[in-house]
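Numbering (my numbering), first residue to last: 199 to 272. Here the structure is laid out as structure tokens; the discussion comes afterwards.
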């Protein structure tokens, strides 16, 4: 479970850094078409980030459920 959580954490950090980089540059771009492309990219990355956060939450919930069941069995 730790490997999966570590992988998701690295992926979350990467996506967040990409999203922040895009958001920092949107206002510096003068071409409306390029701005639109950057907004679309930020939207896609944001959606993927949300999906990974939900997946991470499900993994953590499952792990805490397993831990509580193991505690009850002792």
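No residue lacks a Cβ here, since even glycine has one placed at the ideal position from N, Cα and C.
| Item | Value |
| --- | --- |
| Using 8 Å as the Cβ pair cut-off and three pairs as the minimum, do the segment 239-248 and the segment 213-231 touch? | yes |
| Helix, strand or coil: how does DSSP classify residue 246 here? | helix |
| Pair every Cβ in the segment 215-224 with every Cβ in the segment 232-240, then say whether three or more of these pairs are closer than 8 Å. | yes |
| Whole angstroms is fine: what's the gap from residue 251's alpha carbon to residue 228's? | 33 Å |
| Comparing alpha-carbon positions, which option in 236, 264, 253 and 266 lies nearest residue 203? | 253 |
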